[in-house]
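Under the working numbering, the first residue of the sequence shown is numbered 1, with each subsequent residue one higher. Yeah, the Cβ is synthetic: ideal placement off N, Cα and C, and Gly gets one too. Taking it in order: structure first as structure tokens, then the write-up.
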Amino acid sequence: MNQQPYRSFKSIFLLMSFFFITILFFSNKGKAESLRELIPSYGVIKPKFVSTQVAIGNGIVHKIKYKLGDKVRRGKVLISIIERDTIRNYRNTLKGTVAKIHVTPGAAISAGMPLVTIVNSDKKYMEIAFSPDESNKISRGLSVLSQNKKNKIGIINRLSPIVDPDTGTVLSFVDLKSYGRPYRIGEVLPIFIEGKLKKCKKVIGLKELGLYTNGYKVNFIAGDKACLDATSP
Numbered sequence: 001m002n003q004q005p006y007r008s009f010k011s012i013f014l015l016m017s018f019f020f021i022t023i024l025f026f027s028n029k030g031k032a033e034s035l036r037e038l039i040p041s042y043g044v045i046k047p048k049f050v051s052t053q054v055a056i057g058n059g060i061v062h063k064i065k066y067k068l069g070d071k072v073r074r075g076k077v078l079i080s081i082i083e084r085d086t087i088r089n090y091r092n093t094l095k096g097t098v099a100k101i102h103v104t105p106g107a108a109i110s111a112g113m114p115l116v117t118i119v120n121s122d123k124k125y126m127e128i129a130f131s132p133d134e135s136n137k138i139s140r141g142l143s144v145l146s147q148n149k150k151n152k153i154g155i156i157n158r159l160s161p162i163v164d165p166d167t168g169t170v171l172s173f174v175d176l177k178s179y180g181r182p183y184r185i186g187e188v189l190p191i192f193i194e195g196k197l198k199k200c201k202k203v204i205g206l207k208e209l210g211l212y213t214n215g216y217k218v219n220f221i222a223g224d225k226a227c228l229d230a231t232s233p
């Protein structure tokens, strides 16, 4: 049996395999790796809907109809105030829960004073304040992770276009309706924002940092990994 065609085919196959492996090696050599940045921050849980009854005139607190934590329907009288020769009733405008009672029975009040605050505790969001520099890394759609980086809390769905003049920060808002446990209003949570995918000269584990002291610098750290860039010669 003639083995010549078989040997020729085998030689061509080996030559082509070596050629493609060589191309793959040199195309990957020096190729930049990538790592997603994790930005540490804190988020505050706030109610989407809140209503505070404010005194219209001067008077004395007559009756407070509900206690802290009571659920109240819209239209119900929350508090009554004696004003001269009449009693003014303040009615609830938001279906929710009594979050704070600002006055006590018999107390003197004046126009503009807060009386009772109602919140809808079923609908909440998270507010995150970033420095102007940090806000440059943030955009809508980025995921917000828990402190252990394992649980997804929500997604940034709004980002303020301005720096708040009172705090010097840029506010962002996270929708919580589809994620996580039932957070309490006012709770402050340490979080991480899953930032954009960035190119790195090399991505290594934190335990390997000691092996790359020459020729590399740490760009950023994300979890248990570090993004390294080459130092200038």
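- Secondary structure note for GLU208: it is in no alpha helix (DSSP H), with a DSSP letter that is neither H nor E.
- The DSSP-derived three-state label of PRO132 is helix.
- Straight-line measurement puts the Cα of ASN92 at about 17 Å from the Cα of HIS62.
- Going by C-alpha positions, VAL50 is about 37 Å away from GLY223.
- When the five nearest sequence neighbours on each side are left out, the beta carbons in the same chain lying within less than 7 Å of the beta carbon of ILE64 are those of ILE79, ILE101, PRO105, in order along the chain.
- Judged by DSSP secondary structure, HIS62 falls within the beta strand (DSSP E) whose first and last residues are 59-64.
- Taking 9 Å as the cut-off, the beta carbon of GLY141 is found no closer than this to the beta carbon of VAL119.
- Here TYR125 really is in contact with LEU176; their C-beta atoms are around 6 Å apart, less than 8 Å.
- The C-beta distance from PRO114 to THR52 rounds to 5 Å, short enough to fall under 8 Å.
- Between LYS202 and GLU33, the C-beta gap is smaller than 9 Å, which places the two residues in contact.
- Comparing alpha-carbon positions, the option among ALA107, PRO190, TYR42, TYR90 lying closest to GLY75 turns out to be TYR90.
- Boundaries of the beta strand (DSSP E) harbouring THR52: 50-54, taken from the DSSP string.
- The alpha carbon of PRO132 has as its nearest neighbour, out of VAL144, LYS123, ILE153, PRO165, the alpha carbon of PRO165.
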